[in-house]
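Position 307 of the sequence shown, counted from 1, bears residue number 307 in full-length UniProt numbering, the numbering being contiguous throughout.
Reviewing the structure listed below.
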Amino acid sequence: MKELDKVYYINKNRLFILGAGFSAGAGIPLMDTLLKLTMDKFKSESEISERIDNYVRIYKNLKDDEDIDYSKIDFYELCDFLEFIELREYGAGERYKDYGSREKISLRYYLSKTISEKTPYEDIPDIYIKFAEQLHDKDIVLSFNWDLLLEASLIKVGKKYTYNFVEEGCINLAKLHGSINWRITKPYRDDGLNWTPLHPEYDRTKLEIYKSDMLHNNRYWRNNTSSIEPFLVLPGYGKAFDVRFNALHWYKIENIFNFTKDIYIIGLSLAKDDFFIKNLFLYTLQYLKDHSSLHDGVKELFIINPDDKINEIYSFISKYKNTNIIKDYFSISHIDEMRNRLELETIKNTKC
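Below, the structure written as structure tokens:
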């Protein structure tokens with residue numbers, strides 16, 4: 001590739017990093033309400049929820065007959081305790097499956113079912129349609145969300161996406177914390193959900209991730225298909241183990257930052273256990289301050305988040321002069337600005 005072509009190629013590419021705040025405008029619950037909604041559904045459909053109740057009573061030191069208000073339970077603490085319970089079974093091979101205890105697998109299922117039922121597949125808000133419309137096939141999206149809102153939006157506007165970065169002409173989407181339509185290993189029986197390997201070109205991991213594009217439809221969740229065992233990286237320090245199932249998405253991830261210019265972090269507030277994400281940013285965003293010969297100017301970083309503490313949260317990178325913190329809810333005006341910047345880059349590079 002000639003140097004001028006390389007400059008044009010990279011200047012046009014953008015990186016979008018999405019957190020839970022990105023999907024909140026569609027009514028998908030944030031972490032502080034998701035657990036309560038999930039446990040309500042869990043209790044109404046499965047007796048395994050009683051095991052979760054018992055564990056909460058143990059680590060919260062509650063009486064056997066004392067009611068549990070899951071709106072006041074710290075999701076991170078719960079997942080940490082479940083990680084301990086799983087560790088007790090791990091050494092003797094007593095876990096329900098190689099990739100998790102029965103309690104954690106069931107919790108992931110009901111989290112996913114709750115998220116799916118809250119996702120407006122048939123009536124997607126305009127902001128997500130416009131966001132999908134302005135994406136092009138050289139853009140890269142890193143998502144830490146479990147939901148399928150972006151995928152549904154891309155389908156709605158007739159754009160293809162890929163999870164494996166191999167298929168041509170697709171929006172590249174890496175879901176670093178898993179997805180409600182993924183599972184580890186292929187089901188033993190054909191369940192009609194058309195599970196396909198996430199990375200068919202690789203065989204580097206013992207337990208491969210499979211995806212089903214049919215789980216954009218709540219009909220399959222209502223049927224309680226036993227083969228739906230979503231792969232989600234749960235909160236808490238157990239995520240240090242869970243992310244390894246998705247290692248191919250993390251493999252040399254810094255290269256993504258090398259071949260993009262504008263970077264947008266939308267609705268991502270780093271939690272206390274998000275040490276992998278913070279270290280990813282420390283490792284890669286240090287180059288924001290550099291002027292590379294491959295770019296017409298330095299990289300620009302835009303952090304869009306209404307959190308009052310957002311400056312404090314991102315203090316480790318906000319020192320760079322080309323970091324722009326926008327303390328606001330994600331809106332259509334931000335999408336218009338993204339599109340305008342892309343058009344300016346296109347015009348500028350066409351004249352070169």
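Beta carbons: idealized from backbone N, C-alpha and C, even for Gly.
Residue span of the alpha helix (DSSP H) that contains residue i, given as start and end
| i | result |
| --- | --- |
| residue 58 | 49-60 |
| residue 44 | 31-45 |
| residue 129 | 126-134 |
| residue 271 | Where residue 271 is concerned, there is no enclosing alpha helix (DSSP H), given that its DSSP letter is neither H nor E. |
| residue 153 | 149-156 |
| residue 249 | 247-250 |
| residue 368 | With the chain represented from 1 up to 352, any question about residue 368 goes unanswered, as that position is not in the structure. |
| residue 115 | 102-118 |
| residue 221 | 218-222 |
| residue 353 | No answer is possible for residue 353: the residues shown for the chain start at 1 and end at 352. |
| residue 241 | 239-242 |
For residue i, the nearest candidate out of the options (CA to CA)
| i | options | result |
| --- | --- | --- |
| residue 103 | 339, 317, 25 and 50 | 50 |
| residue 189 | 170, 226, 220 and 45 | 226 |
| residue 267 | 256, 148 and 330 | 330 |
| residue 124 | 134, 151 and 101 | 151 |
| residue 182 | 172, 160 and 207 | 207 |
| residue 42 | 65, 15, 18 and 105 | 105 |
| residue 127 | 55, 340, 335 and 314 | 335 |
| residue 234 | 111, 69 and 319 | 111 |
| residue 262 | 55, 168 and 343 | 343 |
| residue 320 | 282, 38, 305 and 327 | 282 |
| residue 341 | 251, 220, 302 and 175 | 302 |
| residue 155 | 271, 213 and 186 | 213 |
| residue 219 | 198, 81 and 122 | 122 |
| residue 256 | 200, 136, 129 and 174 | 174 |
| residue 162 | 136, 270, 187 and 186 | 136 |
| residue 275 | 264, 258, 12 and 313 | 313 |
| residue 332 | 304, 81 and 316 | 304 |
| residue 67 | 56, 77 and 158 | 56 |
| residue 354 | 35, 270 and 210 | Here the chain has residues from 1 to 352 only, and residue 354 is not among them. |
| residue 299 | 229, 258, 307 and 326 | 258 |
| residue 232 | 221, 222 and 209 | 209 |
| residue 30 | 15, 109, 269 and 253 | 269 |
| residue 194 | 200, 81 and 215 | 215 |
| residue 158 | 138, 129, 185 and 164 | 129 |
| residue 191 | 316, 211, 114 and 61 | 211 |
| residue 118 | 65, 308, 24 and 164 | 24 |
Residues bridged to residue i [DSSP beta-bridge criterion]
| i | result |
| --- | --- |
| residue 183 | 210 and 230 |
| residue 260 | DSSP, once it has assigned bridges, lists no residue as partnering residue 260. |
| residue 141 | 16 and 173 |
| residue 326 | 304 |
| residue 162 | 172 |
| residue 197 | 210 |
| residue 265 | 17 and 303 |
| residue 178 | 232 |
Enclosing beta strand (DSSP E) for residue i [first to last residue]
| i | result |
| --- | --- |
| residue 71 | Element bounds for residue 71: n/a, residue is neither H nor E. |
| residue 380 | This structure gives no information on residue 380, because the portion of the chain shown stretches from 1 to 352. |
Residue i classed as buried or exposed, judged by whether at least 16 other C-beta atoms fall within 10 angstroms
| i | result |
| --- | --- |
| residue 177 | buried |
| residue 374 | Since the first residue shown for the chain is 1 and the last is 352, residue 374 is missing from the structure and cannot be characterised. |
| residue 141 | buried |
| residue 22 | buried |
| residue 166 | exposed |
| residue 338 | buried |
| residue 33 | exposed |
| residue 132 | buried |
| residue 169 | exposed |
| residue 180 | buried |
| residue 239 | buried |
| residue 236 | buried |
| residue 293 | The predicted model places residue 293 with a pLDDT of 40, which falls under 50 and marks its position as unreliable, so this point remains unresolved. |
| residue 19 | buried |
| residue 147 | buried |
| residue 354 | Nothing about residue 354 can be reported from this structure: the residues present for the chain run from 1 to 352 only. |
| residue 251 | exposed |
| residue 28 | buried |
| residue 39 | buried |
| residue 13 | buried |
| residue 149 | buried |
| residue 265 | buried |
| residue 44 | exposed |
Beta carbon proximity, residue i to chain B, threshold 8 Å
| i | result |
| --- | --- |
| residue 166 | Here chain B cannot be found, since the structure has a single protein chain. |
At a cut of 8 Å, does the stretch 133-147 reach the stretch 239-247 through at least three beta carbon pairs? no
Within 8 Å, do at least three Cβ pairs link the stretch 247-257 to the stretch 71-89? no
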